[in-house]
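Enquirer: Numbering (my numbering), first residue to last: 207 to 578.
Where is the CB? At the ideal position from N, CA and C, for every residue including glycine.
Being a predicted model, the structure only gives us computed values, none of them experimental.
Below you'll find the structure I mean.
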Amino acid sequence: MYRFAANLASKARVAKNCTQQVSGRLSWNRNYAAKDIRFGVEARALMLQGVEELANAVKVTMGPKGRNVVIEQSWGAPKVTKDGVTVAKGVEFSHKVKNVGASLVKQVANATNDVAGDGTTCATVLTQAIFAEGCKSVAAGMNAMDLRRGISMAVDAVVTNLKSRARMISTSEEIAQVGTISANGEREIGELIAKAMEKVGKEGVITIQDGKTLFNELEVVEGMKLDRGYISPYFITNQKNLKCELDDPLILIHEKKISSINAIVKILELALKKQIPLLIVAEDVDSDALATLILNKLRVGIKVCAIKAPGFGENRKSNLQDLATLTGGQVITEELGMNIENVDIELLGTCKKVTVSKDDTVVLDGAGEKKT
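Written out as structure tokens, the structure is:
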């Protein structure tokens, strides 16, 4: 009997301890944000409110006669803009479900801006109309998945029709007209864009940067565009446009993957000593090497960026050699008996400016041989 009671007491203590542990877990889990779950008509109505309010704020900027919008900022003076995607980014709601609806529209505006660079207000207005009419159809009893398939079919038909009506612009005057509209009626900027297009052609790259004079200037330099962006967003130096911008950087071009810290220590010390930005182009940069670059960027303040070499196989070798020729550097390759750990500054390339986005890299005014 005593042994049985002792067993019961022991089990009671275990149960008590388990209860305390569960209570501790439950109280710990309360620190997480609770999810607000909504269904059906209520959810659609609240999301529609978010879509409508954001779209109404954006649509006033539409077209050459659109109005300006004043946006309060958490710091500094209010921002005055006529750019649709900028207005969309500045809209936040305290209500979570309304904010979800607004986020859907922001996603459309951002995607349009990334692909086309313009037309974000038009995309926002179309999204508002499609979502509003879709909610009406679902409320009337239409199957949501059938509606989605119907919208996709309609989009394909509209795109095909628009392509058949489209007229390719070819003259400088037509390019200037389009540029003027995108520049909010600034004829001077439109004509400058037309001149730039005429000089570099359809496949050329046009970059914009703040000038140091009171005049708009056009400068044509030899450069190269690579279809590879930064390996890590930690390399971003310009938070406004989410790009890494390096002025007069050293450029290391390597044909193999870089994983070891030892492979980049000498180059990093050189960049730090001379306070020069560093761009690394290699098959890949990962593991300890990538972590070291990021830590030096964040803690030491070295402007550094790493991108993957464009292309594959022989095409990659050709691209790297073209980059080396443009920048006055040399491809570090084991075929020539080179060791990346012993690279000297004479083997590194350089250029006037490098701009790296998440999708591509533009190298301008390299120090290598100029084409004549």
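Any contact of the region 504-523 with the region 432-444, i.e. 3+ C-beta pairs under 8 Å?
Expert: Yes, the region 504-523 touches the region 432-444.
Enquirer: Taking three-plus beta-carbon pairs below 8 Å as touching, is the region 246-254 in contact with the region 323-343?
Expert: Enough Cβ pairs lie closer than 8 Å, so yes.
Enquirer: Decide if the region 520-539 is in contact with the region 548-559; the criterion is three or more beta carbon pairs, one per stretch, under 8 Å apart.
Expert: With the cut-off at 8 Å, the region 520-539 and the region 548-559 touch.
Enquirer: Leaving out the 5 sequence neighbours to the left and right, which residues in its chain are closer than 7 Å to I473 when beta-carbon positions are compared?
Expert: Position 267 of the sequence shown holds residue 473. If we look at I473 and ignore the five residues flanking it on each side, its Cβ neighbours are L458, L484, V549.
Enquirer: Please determine if the region 283-291 and the region 355-374 are in contact, where contact requires at least 3 C-beta pairs separated by less than 8 Å.
Expert: Not touching, per the Cβ criterion.
Enquirer: If you draw a straight line from the C-alpha of K564 to the C-alpha of D490, how long is it?
Expert: Taking the first residue of the sequence shown as position 1, residue 564 is located at position 358. Taking the first residue of the sequence shown as position 1, residue 490 is located at position 284. K564 and D490: Cα-Cα distance of roughly 15 Å.
Enquirer: Return the CA-CA distance between A402 and L424, expressed in angstroms with no decimal places.
Expert: Within the sequence shown, residue 402 is the residue found at index 196, counting from 1. Within the sequence shown, residue 424 is the residue found at index 218, counting from 1. Their Cα atoms are separated by approximately 7 Å.
Enquirer: Figure out for me which residue from Y436, I399, E540 has the closest Cα to the Cα of V411.
Expert: Reading the sequence shown from its first residue, position 205 is the one you call residue 411. Comparing Cα positions, the closest option is I399.
Enquirer: Among E461, K241, K509, L448, which has the Cα closest to the Cα of L476?
Expert: For the purposes of this step, residue 476 is taken as the residue at position 270 of the sequence shown. Checked all of E461, K241, K509, L448; the closest Cα to L476 is K509.
Enquirer: Is the region 379-388 close to the region 536-546, with three or more CB pairs under 8 Å?
Expert: Segments in contact, no.
Enquirer: Three-state secondary structure (DSSP) at N444?
Expert: Against the sequence shown, residue 444 aligns to sequence position 238. Of the three classes helix, strand and coil, the one that applies to N444 here is strand, per DSSP.
Enquirer: In or out: T327 buried (at least 16 other Cβ within 10 Å) or exposed?
Expert: Counting from one through the sequence shown, the residue named residue 327 turns up at place 121. It is buried - the Cβ of T327 has at least 16 other Cβ atoms within 10 Å.
Enquirer: Can you tell me whether K480 is helix, strand or coil according to DSSP?
Expert: Taking the first residue of the sequence shown as 1, we reach residue 480 at position 274. K480 falls in the helix class under three-state DSSP.
Enquirer: Between A205 and the rest of its own chain, which residues show a CB-CB distance below 8 Å, the 5 nearest in sequence each way excluded?
Expert: The question about residue 205 has no answer here: the residues shown for the chain are numbered 207 through 578.
Enquirer: Less than 8 Å between the beta carbons of V569 and T413, yes or no?
Expert: Position 363 of the sequence shown holds residue 569. Position 207 of the sequence shown holds residue 413. Not a contact, by the Cβ cut-off of 8 Å.
Enquirer: Nearest to N305 by CA position, among L260, Q279, L420, is which residue?
Expert: Along the sequence shown, read from residue 1 onward, the residue named residue 305 stands at position 99. Checked all of L260, Q279, L420; the closest Cα to N305 is L260.
Enquirer: For T531, is the beta carbon positioned less than 7 Å from some heavy atom of the ligand COA?
Expert: As presented, the structure is devoid of all ligands, the ligand COA included, so that no description of it is given.
Enquirer: Can you give the Cα-Cα distance for A495 and A322, rounded to whole angstroms?
Expert: Walking along the sequence shown from the start, residue 495 turns up at place 289. Walking along the sequence shown from the start, residue 322 turns up at place 116. Going by the C-alpha atoms only, they are around 35 Å apart.
Enquirer: Could you tell me which of T419, K265, P455, A263 sits nearest to Q481, measuring between CA atoms?
Expert: For the purposes of this step, residue 481 is taken as the residue at position 275 of the sequence shown. For Q481, the nearest C-alpha among the options comes from P455.
Enquirer: Of all the beta strand (DSSP E) runs that stay within the bounds of the region 410-438, which reach a length of 3 or more residues?
Expert: Those beta strand (DSSP E) runs which fall completely within the region 410-438 and span 3+ residues are 429-432.
Enquirer: Quick one: what's L184 bridged to in DSSP?
Expert: Beyond the ends of the chain as shown, which are 207 and 578, falls residue 184; an answer cannot be given.
Enquirer: Relative to the alpha-carbon of C511, which residue among H301, R355, D453, D320 has its alpha-carbon at the smallest distance?
Expert: Within the sequence shown, the letter at position 305 stands for residue 511. Here the closest residue by C-alpha is D453.
Enquirer: Leaving out five residues before and five after D566 in sequence, what residues of the same chain have Cβ atoms less than 8 Å from its Cβ?
Expert: Position 360 of the sequence shown holds residue 566. Hits under 8 Å: K431, L432, D433, R434, G435.
Enquirer: Just the C-alpha distance for I336 and R522, rounded to the nearest angstrom, thanks.
Expert: The residue given as residue 336 occupies position 130 in the sequence shown. The residue given as residue 522 occupies position 316 in the sequence shown. Going from the Cα of I336 to the Cα of R522 covers about 44 Å.
Enquirer: Can you tell which of A363, G407, K265, A360 has the C-alpha that lies nearest to the C-alpha of S376?
Expert: Numbered from its first residue, the sequence shown carries residue 376 at position 170. Considering only alpha carbons, the answer is G407.
Enquirer: Which of the three DSSP states, helix, strand or coil, is assigned to G555?
Expert: The residue you call residue 555 lines up with position 349 of the sequence shown. If DSSP states are grouped into helix, strand and coil, G555 belongs with the strands.
Enquirer: Grouping DSSP H, G and I as helix and E and B as strand, with all else coil, what is T561?
Expert: Your numbering for residue 561 matches position 355 in the sequence shown. Here T561 sits in strand by DSSP.
Enquirer: So, at 6 Å on beta carbons, what are the nonlocal neighbours of R250 in its own chain, with the 5 sequence-adjacent residues on each side left out?
Expert: As a position in the sequence shown, residue 250 is number 44, starting the count at 1. Cβ neighbours of R250 beyond the five flanking positions: C341.
Enquirer: Do T561 and K449 come within 8 Å of each other at the CB atom, strictly closer than that value?
Expert: The count along the sequence shown starts at 1 and reaches residue 449 at position 243. The count along the sequence shown starts at 1 and reaches residue 561 at position 355. Yes, the pair counts as a contact, with Cβ atoms nearer than the cut-off.
Enquirer: Can you tell me the Cα-Cα spacing of S309 and H301, whole angstroms?
Expert: The count along the sequence shown starts at 1 and reaches residue 309 at position 103. The count along the sequence shown starts at 1 and reaches residue 301 at position 95. The straight-line gap from Cα to Cα measures roughly 12 Å.
Enquirer: Assign V257 to one of three DSSP states: helix, strand, or coil.
Expert: Reading the sequence shown from its first residue, position 51 is the one you call residue 257. Helix.
Enquirer: Leaving out the 5 sequence neighbours to the left and right, which residues in its chain are closer than 6 Å to A486 when beta-carbon positions are compared?
Expert: For this step, residue 486 is matched to residue 280 along the sequence shown. The sequence shown places Ile at residue 486, not Ala. Taken in chain order, the residues that qualify are L458, A512.
Enquirer: Skipping 5 residues on each side, what residues in its chain have a beta carbon closer than 6 Å to that of T333?
Expert: As a working note, residue 333 is residue 127 in the sequence shown. These residues qualify, in order along the chain: V311, V314.
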